[in-house]
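Position 49 of the sequence shown, counting from 1, maps to 49 under the UniProt record's numbering, and the rest follow consecutively.
C-beta: ideal position from N, C-alpha, C; glycine also.
In what follows, a structure is listed as structure tokens, so that the remarks can point back to it.
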Amino acid sequence: MGKLFGTDGIRGIANKELTAELAFKTGQSGAYVLTKAAARRPRILIGKDTRKSGDMLEAALTAGLCSMGAKVIPLGVIPTPAVAYLTRLYKADAGVVISASHNPCEYNGIKFFNSEGYKLKDEIEDEIENYIEGRKTLDHLPTHGAVGYVSANHNAVEDYVNFAISTVDTRLDGLKVAIDCANGASYQTAFKALNKLGANVEAIHNTPDGVNINHQCGSTHMESLCAYVTSIGADVGIAFDGDADRMLAVDENGNLIDGDQIMAVCAKHLMEQGKLEKNTLVATVMSNLGLFIAGEKLGIHIPKTKVGDRYVLEEMLDKGYVLGGEQSGHIIFLEHNTTGDGLVSALQFLSVLKKTGKKASELASIVNVLPQVLVNAHVKLENKERYMEFPEIAAAIAALEAEFAGAGRVLIRPSGTEPLVRVMIEGADQAYISEKAKELADLIEKICG
1 MGKLFGTDGI RGIANKELTA ELAFKTGQSG AYVLTKAAAR RPRILIGKDT RKSGDMLEAA
61 LTAGLCSMGA KVIPLGVIPT PAVAYLTRLY KADAGVVISA SHNPCEYNGI KFFNSEGYKL
121 KDEIEDEIEN YIEGRKTLDH LPTHGAVGYV SANHNAVEDY VNFAISTVDT RLDGLKVAID
181 CANGASYQTA FKALNKLGAN VEAIHNTPDG VNINHQCGST HMESLCAYVT SIGADVGIAF
241 DGDADRMLAV DENGNLIDGD QIMAVCAKHL MEQGKLEKNT LVATVMSNLG LFIAGEKLGI
301 HIPKTKVGDR YVLEEMLDKG YVLGGEQSGH IIFLEHNTTG DGLVSALQFL SVLKKTGKKA
361 SELASIVNVL PQVLVNAHVK LENKERYMEF PEIAAAIAAL EAEFAGAGRV LIRPSGTEPL
421 VRVMIEGADQ AYISEKAKEL ADLIEKICG
């Protein structure tokens, strides 16, 4: 698998790349690194999504954790952000999630949260990886009564739902809400929370069978929810991904409301309440230019980070901001949770919808989403980071940036995992920006390929 820990834990095809043996070693090594300073028996939570391979990996992971003396508390099927929250609520030493988020069912993953509910820093993941790979050796394994054990918990779903509800101060009576649970971890929690708040909830893709997670559903496949909202006359639709750390919405006309629009709506509302710290919303370089234009009009400062929720969170923690996220719907309300939380984000958005009495389409219209085109240029691996060293490419990019300045945007970035350079252009004319993006990608491919 190469380096084990990627941008969001360990990922791979279950039982092929992410094996039971690897899960055991990950549990053992993770428990050792994260709890070696604990003065008492460490307590570690495990949550998972609905993938069939979750049981196998949970058993192996649990064995590894117990072999280091941990008290393991399985939470069952539950969203990723619930594990982050419950790790803090239950005063655990760490939390582990078995999930591959929005990926197909054959994939799975393992990621850790520390005792404060934050994803691990790179250096901690590197240390765990050193033990997994045998570059460092565990100095002891407990025996006798010091061996770990499993202690069941039956309140996790209810505790998380009650927490999510507590983040809003209004009921949702009278709102007809359609939800798409992606046949994933939100299939219980989303319905329960919205129902408790009085919404009229209609759900689709909420019957997981272990293999249908994310299959033509959820926040990465919005078509069915868009059609469902209009067919039942819902006021709004909410779609989650497989582990429910992100969400997107659909307006009453069946049109997509993306993460940029949701963030703008919530940021505006928070600012009006005097709760948007430093009047700042943190986004990434991939957010639509329309968001930044809306920010200028609203008086909201929007700094840009690299792509990835960890970089958004770093900026928020460093500068004391309370709201940030990505176009994909991975939104962090730091006042409420330490990571992207699809249910909390949905409730914040629905709360604004209810309080303002506006239609979802009207709320979302504060961001005029500009057409965006992404074209991949296939290049030699050694040239992936060097494209700007070629004068002809640099000149072509500079010319496009000058042409689109103020009315569009040119963003070029190498892929993190593949021999590709991604060319993204935004502007008012879809056909024109498509033509220009292809021309530039062809040029980069010709010179660097």
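Which residues DSSP lists as bridging P74, in chain order: As a working note, residue 74 is residue 74 in the sequence shown. Its beta-bridge partners are I46.
Reduced DSSP category for Y90 - H, G, I as helix; E, B as strand; rest coil: Here residue 90 is taken as the residue at index 90 of the sequence shown, counted from 1. In this structure, Y90 counts as coil in the three-state DSSP scheme.
Residue nearest to K306 in terms of C-alpha spacing, selected from G295, G324, I293: Translated into the one-based positions of the sequence shown, residue 306 becomes position 306. Here the closest residue by C-alpha is G324.
Exposed unless 16 or more other CB atoms sit within 10 angstroms - verdict on R135: In the sequence shown, residue 135 corresponds to position 135, counting from 1. Exposed, because fewer than 16 other Cβ atoms sit within 10 Å of the Cβ of R135.
Those residues which DSSP pairs with M247 across a bridge: Locating residue 247 in the sequence shown gives position 247, where the first residue counts as 1. Looking at the DSSP assignment, M247 forms a beta bridge with F240.
Secondary structure, alpha helix (DSSP H): runs of 4+ residues fully inside the UniProt domain "Alpha-D-phosphohexomutase C-terminal" (379-442): Segments of the alpha helix (DSSP H) lying fully in the UniProt domain "Alpha-D-phosphohexomutase C-terminal" (379-442): 391-404.
For M1, the three-state DSSP class (helix, strand or coil): Stepping through the sequence shown from its first residue, residue 1 is reached at position 1. At M1, the pLDDT of 45 sits below 50, so the modelled position is not reliable and the matter cannot be decided from this model.
Residues sharing a beta bridge with D180, DSSP: By one-based count along the sequence shown, residue 180 stands at place 180. I204, A239.
Whole-angstrom distance between M247 and L291, CA atom to CA atom: Taking the first residue of the sequence shown as position 1, residue 291 is located at position 291. Taking the first residue of the sequence shown as position 1, residue 247 is located at position 247. M247 has its alpha-carbon roughly 17 Å from the corresponding atom of L291.
V367 - DSSP class collapsed to helix/strand/coil: Locating residue 367 in the sequence shown gives position 367, where the first residue counts as 1. Residue state for V367 is assigned as coil, using DSSP reduced to three classes.
Through-space distance from H144 to S415, alpha-carbon basis: In the sequence shown, residue 415 corresponds to position 415, counting from 1. In the sequence shown, residue 144 corresponds to position 144, counting from 1. Computed Cα separation, rounded: 50 Å.
Rounded distance between the beta-carbons of D245 and P79, thought under 8 Å: Here the question's residue 79 lines up with position 79 in the sequence shown. Here the question's residue 245 lines up with position 245 in the sequence shown. About 7 Å; that satisfies the 8 Å criterion.
Proximity to Q372 [Cα-Cα], best of L350, M424, N383: Start at 1 with the first residue of the sequence shown, and residue 372 comes out as number 372. Looking only at L350, M424, N383, the smallest Cα-Cα distance to Q372 is reached by M424.
Three-state secondary structure (DSSP) of R11: For the purposes of this step, residue 11 is taken as residue 11 along the sequence shown, with counting starting at 1. Strand at R11.
Inter-residue spacing [alpha-carbon to alpha-carbon] between I128 and G47: In the sequence shown, residue 128 corresponds to position 128, counting from 1. In the sequence shown, residue 47 corresponds to position 47, counting from 1. Near 20 Å, if we compare the C-alpha coordinates of G47 and I128.
Local Cβ density within 10 Å of R11, reported as buried at 16 or more and exposed below that: If you number the sequence shown from 1, residue 11 lands on position 11. Its Cβ being crowded by 16 or more others within 10 Å, R11 is buried.
Whole-Å CB distance - T150 paired with P42, under 8 Å assumed: Here residue 150 refers to the residue found at position 150 when the sequence shown is read from its first residue. Here residue 42 refers to the residue found at position 42 when the sequence shown is read from its first residue. Before going further, note that residue 150 is Val rather than Thr in the sequence given. Not confirmed; about 13 Å, so no contact.
Q273 classed as buried or exposed, judged by whether at least 16 other C-beta atoms fall within 10 angstroms: Position 273 of the sequence shown, counted from the start, is the residue given in the question as residue 273. So Q273 ends up on the exposed side.
Per DSSP, the bridge partner or partners of I377: Here residue 377 refers to the residue found at position 377 when the sequence shown is read from its first residue. Reading off the sequence shown, one finds Ala at residue 377, where the question assumed Ile. Partner(s): V421.
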